[in-house]
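J.:
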């Protein structure tokens with residue numbers, strides 16, 4: 124049952140309120156969760172570079188999931204983006220199956236085609252010239268078929284600054300191509316290996332499907348999938364990494380508004396099992412702190428989209444979850460990952 128909530132509006136908060144919501148005693152009481160580090164094959168990584176990717180948070184998210192009984196048989200990711208967490212959890216055998224979804228039509232098309240028509244996407248990727256001139260062509264192009272949408276997503280993601288496909292960001296290396304070449308992130312052999320891994324996961328039934336649509340429709344579809352697989356409700360977990368509020372119009376084709384965040388929080392105050400990740404955004408913290416049955420954890424993350432390559436923000440990322448069992452105590456003390464691990 125969903126409980127109606129009336130969270131404070133950001134415009135009504137004082138500077139002191141924002142300070143308390145963004146830091147303060149309540150957050151300091153939240154334990155720091157590191158998790159056990161997992162080495163992943165390069166071929167198991169996402170083919171996409173994604174703003175705000177949570178791949179570095181995978182050990183902590185994995186720890187939350189594997190320490191719960193029953194262990195989830197289906198992980199649903201309504202804001203999958205680059206799907207780094209879903210792919211990592213599959214590789215680490217932390218979950219049996221995943222369902223990937225996104226509201227962005229290009230991103231959704233990419234995952235649909237990568238899973239269902241991999242050969243065609245690999246062929247298109249292989250023959251595509253990686254040049255600034257071709258970058259301009261794809262930037263202006265309005266694709267109508269799933270394959271062309273998928274290819275536009277992949278090409279611009281691998282050739283645009285920070286992988287941002289829905290903004291005014293320019294090509295890697297700029298038009299002068301002085302410091303970097305536009306193809307420096309477009310290793311076709313590596314991309315194909317990652318696409319083939321997705322193809323295999325789909326054939327094995329570990330990627331059960333892809334969804335193009337809002338998170339509400341993803342929740343409904345996930346329940347249908349769970350029923351078709353004869354899964355119990357407590358064996359389905361939703362992993363949510365909603366789009367950033369700050370700089371949203373610069374990062375996403377379809378931003379997630381404050382009202383969208385409020386609606387999501389109202390839905391999650393229910394019987395679903397879920398894990399949600401975000402950075403220290405006052406509105407998000409205010410929505411989930413104090414929610415019945417919900418735990419908060421702090422997670423060290425070395426880069427957020429509020430920083431830059433020259434001056435990253437060494438802030439804290441946060442995890443909220445209503446999973447019933449807390450992680451094992453050995454996962455709580457902070458530790459630095461070995462080089463080459465995540």
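Residue numbers (the working numbering): 124 to 465. All C-beta atoms, glycine included, are put in the ideal place defined by N, C-alpha and C.
1. So, for residue 358: in the same chain, excluding its five sequence neighbours on each side, which residues have a beta-carbon less than 7 Å away from its beta-carbon?
2. Count the other C-beta atoms from every protein chain shown that fall within 10 angstroms of the C-beta of residue 432, then say buried if there are 16 or more, exposed otherwise.
3. Return the chain-ordered ranges of every beta strand (DSSP E) run that is complete within the region 310 to 391 and spans a minimum of 3 residues.
4. Can you tell me which of 297, 296, 298, 277 puts its alpha carbon nearest to the alpha carbon of residue 288?
5. What do you reckon, are the CB atoms on residue 329 and residue 220 nearer than 8 Å?
6. Return the CA-CA distance between residue 161 and residue 389, expressed in angstroms with no decimal places.
7. Can you give the Cα-Cα distance for residue 273 and residue 406, rounded to whole angstroms?
8. If we ignore side chains and look at the alpha-carbon of each, how far apart do residue 164 and residue 385 end up?
9. Would residue 275 and residue 229 qualify as a contact pair, given that the criterion is a beta-carbon distance under 8 Å?
10. If we require 3 or more residues per run, which beta strand (DSSP E) segments fall completely within the region 143 to 224?
11. Which residue comes first and which comes last in the alpha helix (DSSP H) that contains residue 306?
12. Are residue 168 and residue 245 close, meaning C-beta to C-beta below 8 Å?
13. DSSP on residue 419, reduced to helix/strand/coil?
14. For the ligand MG, I want to know if residue 304 counts as a neighbour, meaning its beta carbon is within less than 7 Å of at least one of the ligand's heavy atoms.
T.: Taking the structure as given:
1. 193, 195, 196, 197
2. Confidence at residue 432 is low in this model, with a pLDDT of 37, below 50, so the placement of that residue should be treated as unreliable; the coordinate-derived value is given next. Exposed: under 16 other Cβ atoms inside 10 Å.
3. 330 to 335, 359 to 363
4. 277
5. yes
6. 34 Å
7. 33 Å
8. 37 Å
9. yes
10. 197 to 200
11. Note, residue 306: premise wrong, no alpha helix (DSSP H); not H, not E.
12. no
13. strand
14. Of the ligands one can find in the structure shown there are none, so the ligand MG has no counterpart to examine.
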